[in-house]
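Everything below concerns the one structure shown next.
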Amino acid sequence: MTENSNENAIIRMFHVHKRFGKKNALADISLDVESNEMLLISGPSGAGKSTLLKLLYLGETLSEGQILIDGMNLSRIASSRIPILRRKFGIIFQDYKLIPTKTVYENISLVLEVKGMKSRFIQKKVNSVLRTVGMEERLNAYPPSLSGGEQQRIAVARAVVGGPKIILADEPTGSLDPESASVILDLLKEVHDSGATVIIATHDREIIKKSKGNVIYLREGRLEKPSKSRTEKKKTKTS
Amino acid sequence: MRTGAFLFFTKRAFKDIRSNRFLHMVTIITIALSILIVSAFGLFFTNVNDIISSWKKGVRIMAYLNRDIEKIQLPELKNQILALPGVSSVRFISRDKALKQMKQQMKRQASLFENLKENPLPDVYEIRMSASTRNWEKVEILAAQIEMLPQIEGVEYGQKWLGRVTGIFNLFKFAGIVMCFVFFIASVFIVANTIRLLFYSRHEEFEIMRLVGATDGFIKGPFYIEGMIQGVLGGLIGIAALFVIYVMITSNVEQGVSSGYFTLRFIPIKISAGIIFCSMFAGWLGCYLSLKKFLTY
Ligand SMILES: Nc1ncnc2c1ncn2[C@@H]1O[C@H](COP(=O)(O)OP(=O)(O)OP(=O)(O)O)[C@@H](O)[C@H]1O
Ligand SMILES: [Mg+2]
Numbered sequence: 016m017t018e019n020s021n022e023n024a025i026i027r028m029f030h031v032h033k034r035f036g037k038k039n040a041l042a043d044i045s046l047d048v049e050s051n052e053m054l055l056i057s058g059p060s061g062a063g064k065s066t067l068l069k070l071l072y073l074g075e076t077l078s079e080g081q082i083l084i085d086g087m088n089l090s091r092i093a094s095s096r097i098p099i100l101r102r103k104f105g106i107i108f109q110d111y112k113l114i115p116t117k118t119v120y121e122n123i124s125l126v127l128e129v130k131g132m133k134s135r136f137i138q139k140k141v142n143s144v145l146r147t148v149g150m151e152e153r154l155n156a157y158p159p160s161l162s163g164g165e166q167q168r169i170a171v172a173r174a175v176v177g178g179p180k181i182i183l184a185d186e187p188t189g190s191l192d193p194e195s196a197s198v199i200l201d202l203l204k205e206v207h208d209s210g211a212t213v214i215i216a217t218h219d220r221e222i223i224k225k226s227k228g229n230v231i232y233l234r235e236g237r238l239e240k241p242s243k244s245r246t247e248k249k250k251t252k253t254s
Numbered sequence: 025m026r027t028g029a030f031l032f033f034t035k036r037a038f039k040d041i042r043s044n045r046f047l048h049m050v051t052i053i054t055i056a057l058s059i060l061i062v063s064a065f066g067l068f069f070t071n072v073n074d075i076i077s078s079w080k081k082g083v084r085i086m087a088y089l090n091r092d093i094e095k096i097q098l099p100e101l102k103n104q105i106l107a108l109p110g111v112s113s114v115r116f117i118s119r120d121k122a123l124k125q126m127k128q129q130m131k132r133q134a135s136l137f138e139n140l141k142e143n144p145l146p147d148v149y150e151i152r153m154s155a156s157t158r159n160w161e162k163v164e165i166l167a168a169q170i171e172m173l174p175q176i177e178g179v180e181y182g183q184k185w186l187g188r189v190t191g192i193f194n195l196f197k198f199a200g201i202v203m204c205f206v207f208f209i210a211s212v213f214i215v216a217n218t219i220r221l222l223f224y225s226r227h228e229e230f231e232i233m234r235l236v237g238a239t240d241g242f243i244k245g246p247f248y249i250e251g252m253i254q255g256v257l258g259g260l261i262g263i264a265a266l267f268v269i270y271v272m273i274t275s276n277v278e279q280g281v282s283s284g285y286f287t288l289r290f291i292p293i294k295i296s297a298g299i300i301f302c303s304m305f306a307g308w309l310g311c312y313l314s315l316k317k318f319l320t321y
């Protein structure tokens with residue numbers, strides 16, 4: 016980790032604004048995320064955490080500013096390359112976004128099928144990740160028949176199964192008891208240890224403490240004074 | 025499309041068809057009905073065409089000679105006719121022979137000939153055409169050429185009404201083609217509508233697929249295969265239904281028809297295949313039209 020970390024940044028945001036009508040969901044966000052960083056985005060409800068993550072995978076388009084991801088400029092990306100961008104991510108959505116008409120197995124295998132992987136390989140991968148999240152018995156269940164916590168674990172499994180470069184986790188432990196939550200956190204740490212960049216949006220203090228990652232705070236769409244570890248690396252605008 | 029992807033899409037397509045059996049069945053049956061109507065026309069045209077062309081093949085020109093012609097002129101005249109392009113044979117039928125033949129054919133009405141003092145029939149040349157001249161316009165041209173000869177009083181070629189029948193037949197054929205086109209368009213819209221319904225009903229699923237990195241083609245691929253399967257199945261069922269109807273009809277009227285000088289036949293296999301292919305194409309096109317505007321990032 017060098018002082019000038021720009022070369023290592025896998026995600027760069029320059030003065031990013033996001034407006035919904037007149038509402039400023041995000042205002043003037045400048046932020047670099049380094050490759051293989053563990054970053055936690057914290058802040059009260061409505062602060063813009065989910066919106067920030069959505070901008071990264073083009074779930075929403077930014078109103079102003081620039082975002083670079085792994086060399087791709089999101090304002091200039093050709094629509095045919097959006098799937099390529101999205102395959103860099105493993106996303107845990109706040110509302111899970113599991114397909115209700117597909118089984119647990121199919122929901123997870125989809126990520127690998129999209130990448131054109133061989134079915135034998137897919138089977139191995141999916142079974143192994145289901146074991147990791149403790150859902151191997153429910154592989155033929157449909158998401159609506161699962162509890163919130165179980166659905167969340169499937170969502171986590173889907174996000175990590177493809178071995179993505181970047182994990183975007185939006186409240187990945189929101190519906191879990193502390194014990195299951197720490198299992199998920201351990202899984203995310205494991206993925207981080209194997210080289211992935213992990214970004215977690217959460218207001219779970221336990222998670223923030225245990226993750227030992229860098230923490231930034233959002234309030235009303237603005238980045239608050241970052242934590243010490245990040246101040247050393249960059250000067251972030253705050254007003 | 026790679027074969028792997030094709031197989032994968034096909035598997036997904038069949039799964040989709042199974043889970044939306046009713047909608048697909050309705051679509052396939054509607055297409056089958058269109059195909060049934062279109063191919064019924066095809067069957068009709070195939071056979072009428074056969075009949076007309078068999079009539080045309082039998083066409084000969086009868087050239088009636090002037091009564092005052094000398095016997096000695098005959099060989100020269102015959103050569104003159106033979107020299108005309110497209111003539112393959114010329115046979116002389118004397119008026120006496122013609123009368124005898126007539127009497128024989130009309131034995132029951134022999135009384136008609138009893139008071140005949142003089143043979144009313146003219147001498148006649150029966151002229152047959154070579155294979156290449158068995159085209160209607162050429163026959164007409166040839167007949168006109170023969171009629172111009174001074175020794176010939178008049179010509180009659182085969183059944184003059186054949187020309188008119190051919191004209192009417194062509195008109196029907198045109199109407200048939202227009203109708204096929206209309207049914208083709210109808211099939212396209214039926215498929216387009218089905219696919220649109222399916223697509224709308226699953227847009228949430230596709231939204232999620234896109235978020236995990238699915239391409240346009242990955243999502244739409246199975247629909248194209250579904251559309252084509254609908255087309256092919258509709259086509260096959262339509263043609264099969266027509267075949268069953270055809271077999272039922274022919275087995276009932278077999279004796280009546282085969283004793284005549286033509287036999288009924290089913291639409292040639294090539295045309296059947298063509299119809300099924302068109303039906304498949306209609307399925308593809310329906311898909312294309314309904315999916316074109318979806319999923320633009
Ligand atoms: N599609 C949208 N249309 C209009 N406003 C939106 C939209 N999405 C988000 N917002 C607004 O933007 C602000 C930030 O929302 P966001 O979902 O990013 O908050 P959050 O930090 O994730 O909150 P939570 O912790 O509750 O998940 C909120 O005020 C929200 O109402
Ligand atoms: Mg949120």
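Keeping their order, the protein sequence lines are chains A and B.
Basically this note's numbering = 1-based index in the first sequence + 15.
Basically this note's numbering = 1-based index in the second sequence + 24.
Glycine included, C-beta positions come from ideal geometry on N, C-alpha and C.
Kindly indicate which residue of the options has the alpha-carbon position closest to the one of residue i.
| i | options | result |
| --- | --- | --- |
| Met28(A) | Ser60(A), Ser90(A), Lys37(A), Arg34(A) | Ser90(A) |
| Ile26(A) | Thr188(A), Glu49(A), Gly163(A), Lys204(A) | Glu49(A) |
| Arg188(B) | Ile76(B), Ile170(B), Lys316(B) | Ile76(B) |
| Asn51(A) | Ile92(A), Ala211(A), Gly189(A), Leu127(A) | Ala211(A) |
| Ile231(A) | Glu121(A), Ala170(A), Ala156(A), Ile56(A) | Ile56(A) |
| Ala216(A) | Glu239(A), Gly236(A), Leu68(A), Tyr111(A) | Leu68(A) |
| Ser143(A) | Tyr111(A), Val176(A), Thr116(A) | Val176(A) |
| Ala56(B) | Leu309(B), Leu315(B), Met304(B) | Met304(B) |
| Arg102(A) | Leu191(A), Lys180(A), Lys225(A) | Lys180(A) |
| Phe116(B) | Ile85(B), Gln133(B), Ile243(B) | Ile85(B) |
| Ala306(B) | Ser58(B), Gly110(B), Gly245(B) | Ser58(B) |
| Lys117(A) | Gly228(A), Ser160(A), Ser209(A) | Ser160(A) |
| Ser5(B) | Cys311(B), Arg226(B), Met233(B) | The structure shown does not extend to residue 5(B), since chain B spans only 25 to 321, so no value can be given for it. |
| Glu142(B) | Gly241(B), Leu186(B), Asp120(B) | Asp120(B) |
| Ile277(A) | Ala64(B), Val236(B), His48(B) | Residue 277(A) is absent from the model: chain A starts at 16 and stops at 254. |
| Glu250(B) | Lys127(B), Phe230(B), Ala216(B) | Ala216(B) |
| His218(A) | Asp185(A), Val119(A), Asn155(A) | Asp185(A) |
| Gln109(A) | Ala156(A), Gly164(A), Tyr157(A) | Gly164(A) |
| Leu154(A) | Leu183(A), Val126(A), Lys140(A), Glu121(A) | Glu121(A) |
| Pro246(B) | Leu315(B), Leu67(B), Glu138(B) | Leu315(B) |
| Lys130(A) | Thr287(B), Gly310(B), Gly241(B) | Gly241(B) |
| Leu101(B) | Thr287(B), Ile291(B), Ile151(B) | Ile151(B) |
Based on the DSSP output, what are the partners of residue i in its beta bridges?
| i | result |
| --- | --- |
| Tyr232(A) | Ser57(A) |
| Val111(B) | Met153(B) |
| Ile52(B) | Ile52(B) is not bridged to any residue. |
| Lys244(B) | DSSP output for Lys244(B) lists no bridge partner at all. |
| Glu79(A) | His32(A) |
| Lys38(A) | Phe35(A) |
| Gly63(A) | Beta-bridge pairing links Gly63(A) to no other residue. |
| Tyr181(B) | Ile85(B) |
| Ile293(B) | According to DSSP, Ile293(B) bridges with nothing at all. |
Does any C-beta atom of chain C lie closer than 9 Å to the C-beta of residue i?
| i | result |
| --- | --- |
| Ala216(B) | Of the protein chains in this structure, namely A and B, none is chain C. |
Near-chain B residues of the segment 77-109 of chain A (beta-carbon distance less than 7 Å), N- to C-terminal order | Ser94, Ile97, Pro98, Arg101, Arg102, Ile106
**Asked** Given a limit of 9 Å on CB to CB distance, which residues of the segment 224-240 of chain B reach chain A?
**Response** Arg226, Glu228, Glu229, Glu231, Ile232, Met233, Arg234, Leu235, Val236, Gly237, Ala238, Thr239, Asp240
For the segment 46-75 of chain A, enumerate the residues whose C-beta is nearer than 9 Å to any C-beta of chain B, in chain order. Tyr72, Leu73, Gly74
What residues in the segment 239-268 of chain B have a beta carbon less than 7 Å from any beta carbon of chain A?
Thr239, Phe242
Quiz item: Within the chosen definition, does the segment 51-62 of chain A reach the segment 81-97 of chain A through at least 3 CB pairs nearer than 8 Å?
Solution: no
Practice item. Can you give me, in chain order, the residues of the segment 109-132 of chain A that have a beta carbon less than 9 Å from any beta carbon in chain B? Key: Lys112, Leu113, Ile114, Pro115, Thr116, Lys117, Asn122, Leu125, Val126, Glu128, Val129, Lys130, Gly131
The segment 188-199 of chain A in contact with the segment 254-264 of chain B per 3-pair CB rule at 8 Å:
no
Can you list the residues near ligand 1, meaning Cβ strictly closer than 5 Å to any non-hydrogen atom, in the order they appear in the chain? Phe35(A), Ala40(A), Ser60(A), Gly61(A), Ala62(A), Gly63(A), Lys64(A), Ser65(A), Thr66(A)
Q. How about the segment 167-174 of chain A and the segment 136-155 of chain A: do they share at least three Cβ pairs that are nearer than 8 Å?
A. yes
Practice problem: Determine contact between the segment 165-185 of chain B and the segment 81-90 of chain B, defined as no fewer than three beta-carbon pairs at a distance below 8 Å. | Solution: yes
- Is it true that the segment 159-171 of chain B meets the segment 101-108 of chain B, where meeting means three or more beta-carbon pairs spaced less than 8 Å apart? yes
(Q) Across the segment 196-209 of chain B and the segment 133-146 of chain B, are there enough close Cβ pairs to call them in contact, namely three or more that are closer than 8 Å? (A) no
Using a Cβ distance threshold of 8 Å, determine whether the segment 215-225 of chain B contacts the segment 222-237 of chain A, with at least three qualifying pairs required. no
Touching by the beta-carbon criterion (3+ pairs, under 8 Å), the segment 264-276 of chain B and the segment 31-38 of chain B: no
- Query: Taking one C-beta from the segment 287-306 of chain B and one from the segment 202-213 of chain B each time, how about it: are there three or more such pairs within less than 8 Å?
  - Reply: yes
Could you say if the segment 120-134 of chain B and the segment 59-70 of chain B meet the contact criterion of at least three C-beta pairs nearer than 8 Å?
no
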